[in-house]
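**Q** Chains as they are written, first to last, in the working numbering: chain Z, 1 to 287; chain A, 288 to 380.
Sharing a structure below in C-alpha cells format, with a few things to ask.
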Amino acid sequence: MRAGPLSDKKVIRLLNAYFVPVYVSNEEYRDGGAAPPEERKAYTRIYHEAIQQKRHNGTVCVYLVAPDGKGFDSLVVSKAAEPGQLQKMLKAAVARLKTKEGKPLIKPTPQAPPPKAEKNELVLHLVSRYDHRGSWAEFPAENYIVLKQPDWEKLWPSEDAKPGATWDIDKEVAVQFLTYFFPQTEMCDFALATRADGPYKHKVEQLALHAKLLARDGKSARIRLEGTVKLKHKFYPGRDDSSRDANSTVIGIVEFDASGKKPSLRLITNQAIYGDQKFSVALRSLP
Amino acid sequence: MKSSQVLRFFSPLLMVLGLARTAAWAEEKPVTDADLARWIDKRVQERQPPAADKRFDEIGWAHDIRTALALAKEHDRPVFLFTHDGRINMGRC
C-alpha cells in the first residue's frame, strides 16, 4: 500500500482534500497492545460493523467511516493495492457524501521521526534496502537505535592508545545496531522483530567489529571500524525458510570531538546479502 | 561478417564494459584511512530515502482513530482508516 496507492499523488490529494486519514498497527490494537482501551473499542466497532454489513473486512484493510461515525465502505488491501481501485473507492465516497474539498485537517509531518532521547543518549538512524527494486524492495526499511552513554563511551579507545592501535568493540554495544542489518521482510510484529523466540527466529549468529585508532588529539579521536555480522531472520513470520541468512561486511567511522561529548558514528555495509539478494545499509548518528 | 569486422563493430562496447569493470574493481579497493570519512559519508548520503519514498509523509495523518472520528464529525468529512501489520511508517511491515 505504501509503495502503491499511498504514494500515488492523486490518492494523496484525495485523502488530504476530502478525508481524515488515519493508519493503525494491529499489534497496538490487539489485546494487551499499547493502544488505550477506548481506541481498541473504536477499531473493533468499525471492524465488526464491516462484518455485519458483509463488506470487505480483515486486519489489513481500508475502512471508510462517514462523519456520523457509521462505516459505509471497505476494501481488503489485496484489492485496494490494485491500480486505480483505491482512487475509485475514494471518489465514490466523496460523490456519495457530497464532501466539500478543503485543506488537510492535520498538517503532513514525517511519519518516522527520531524517538525522544535524553541529551546524553546517542540516537542512531538506520536505512536498509535491497539493491534491486520492486515488490518488497520498493522502499527502504528504517530503524532507530538509542545508545545510552555507558554504551557509546565503550567506543572510546583506551587512555594509552596511540594512532594505529587496534581493539574490538564491545559486542554488547555493537549488537544493539548490527542486529538490524537486514532488509525489508514481511514484518507483522515489529516489537518482536529481533527476538530469538519471536516469529522471525531472529538470531545474531556471528558478530565482530574491529576498531583502529586513526588520530587522537586531547579528547578528540577518529576511529576506523571494520567488521562482519551474520544474522538469521525469517522473511515470513513462522514459516520455515532457514536459508534466509543476512551476511554483511561493514565499514565505518567514529569521531569524538574535543568536547568529549557523544560521538558521531557512521557505518555502512560494504557487501551484504540476504538469502540470494543483495542489500545495503547505512547507519548514522543524529546530532 | 569476418572476425576482424566483428571485433571492430563491438570494440566500443567492449571498451565501455572494460571501463565499467575497472570502475567496479576500483570501487572494491579498500578505502584508505585518509579517505574514509568522505567515502563513508558519500555512501550514507546516497542511501538515505529519497523524497519519492516518503510520499506517505505528504498525507495529513491523524494520530489515532478517536481523533480522526472527532475531526470527521467536526468538519463533515469521512474517515479513511488503514489497518496494517508491523510499522508501515518505518518500512518494517
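No residue lacks a Cβ here, since even glycine has one placed at the ideal position from N, Cα and C.
1. Just checking my contact of Z/A129 with Z/P183 at CB under 8 Å: how many whole Å lie between their CB atoms?
2. In the DSSP assignment, find the unbroken alpha helix (DSSP H) run with Z/Y272 in it and report its ends.
3. Using the three-state DSSP reduction, which class does Z/P83 fall into: helix, strand or coil?
4. With a threshold of 16 other CB atoms inside 10 Å of the CB of Z/K54, please say whether the residue is buried or exposed.
5. Closer than 7 Å, CB to CB, is Z/V288 near chain A or not?
6. Does the beta carbon of A/R308 sit closer than 7 Å to a beta carbon anywhere in chain Z?
7. Between the stretch 146 to 158 of chain Z and the stretch 256 to 274 of chain Z, do three or more beta carbon pairs fall short of 8 Å?
8. If contact means a Cβ-Cβ distance below 9 Å, which residues of the stretch 331 to 351 of chain A contact chain Z?
9. Mind checking if Z/I51 is an interface residue toward chain A, Cβ cutoff 7 Å exclusive?
10. Would you call the stretch 88 to 95 of chain Z and the stretch 320 to 338 of chain A in contact, with 3 or more CB pairs under 8 Å?
11. If we define contact as Cβ-Cβ less than 7 Å, is A/D320 a contact residue for chain Z?
12. Could you name the residues of chain Z that A/K360 contacts, counting a contact when the two beta carbons are closer than 8 Å?
13. If you run the structure through DSSP and keep just helix, strand and coil, what is Z/T99?
14. Taking Z/L6 as the query, report the chain A residues whose CB atoms sit under 9 Å from its CB, ordered along the chain.
15. Can you confirm whether Z/T272, when its beta carbon is compared against all beta carbons of chain A, has any partner nearer than 7 Å?
16. Tell me whether Z/P21 sits in a helix, a strand or coil according to DSSP, three-state version.
17. At the level of alpha carbons, what is the spacing between A/A355 and Z/H48?
18. With a Cβ-Cβ cutoff of 7 Å, do A/I375 and Z/P108 count as a contact?
**A** Taking the definition as stated:
1. Looking up residue 129 of chain Z in the first sequence gives position 129. Looking up residue 183 of chain Z in the first sequence gives position 183. Residue identity differs from the one stated: residue 129 of chain Z is Arg in this sequence, not Ala. Their Cβ separation, rounded to whole angstroms, is 6 Å, which keeps Z/R129 and Z/P183 in contact under 8 Å.
2. In the first sequence, residue 272 of chain Z corresponds to position 272, counting from 1. This sequence places Ala at residue 272 of chain Z; Tyr is not what is there. Where Z/A272 is concerned, there is no enclosing alpha helix (DSSP H), although the beta strand (DSSP E) it sits in stretches over 264 to 274.
3. Against the first sequence, residue 83 of chain Z aligns to sequence position 83. Looking at Z/P83 - three-state DSSP - the assignment turns out to be coil, as it is neither helix nor strand.
4. Against the first sequence, residue 54 of chain Z aligns to sequence position 54. Around the CB of Z/K54, fewer than 16 other CB atoms lie within 10 Å, so the residue is classed as exposed.
5. Any answer about residue 288 of chain Z is impossible in this case: the structure gives chain Z only from 1 up to 287.
6. Position 21 of the second sequence, counted from the start, is the residue given in the question as residue 308 of chain A. For A/R308, the predicted structure reports a pLDDT of 44, less than 50, and the residue's modelled location is therefore unreliable. The matter cannot be settled from this model.
7. yes
8. Of all residues in the stretch 331 to 351 of chain A, the ones placed with a Cβ closer than 9 Å to any Cβ belonging to chain Z are V331, Q332, E333, R334, Q335, P336, A339, D340, K341, R342, F343, D344, E345, I346, G347, W348, A349, H350, D351, in chain order.
9. Position 51 of the first sequence, counting from 1, holds the residue named residue 51 of chain Z. Z/I51 does not count as touching chain A.
10. no
11. Counting from one through the second sequence, the residue named residue 320 of chain A turns up at place 33. So, interface residue.
12. The residue labelled residue 360 of chain A in the question sits at position 73 within the second sequence. In chain order: P67, D68, G69.
13. Start at 1 with the first residue of the first sequence, and residue 99 of chain Z comes out as number 99. In this structure, Z/T99 counts as coil in the three-state DSSP scheme.
14. By one-based count along the first sequence, residue 6 of chain Z stands at place 6. Here the neighbours are R342, F343, I346, F369, I375.
15. The residue labelled residue 272 of chain Z in the question sits at position 272 within the first sequence. Here the sequence assigns Ala to residue 272 of chain Z, which means Thr is not the residue at that position. Not closer than 7 Å to any Cβ of chain A, the Cβ of Z/A272 fails to qualify, so no.
16. To locate residue 21 of chain Z, count along the first sequence from 1; it is residue 21. It is a strand residue.
17. The sequence position of residue 355 of chain A within the second sequence is 68, counting from 1. The sequence position of residue 48 of chain Z within the first sequence is 48, counting from 1. A/A355 and Z/H48: Cα-Cα distance of roughly 18 Å.
18. By one-based count along the second sequence, residue 375 of chain A stands at place 88. By one-based count along the first sequence, residue 108 of chain Z stands at place 108. Their beta carbons are not under 7 Å apart, which means A/I375 does not touch Z/P108 by this criterion.
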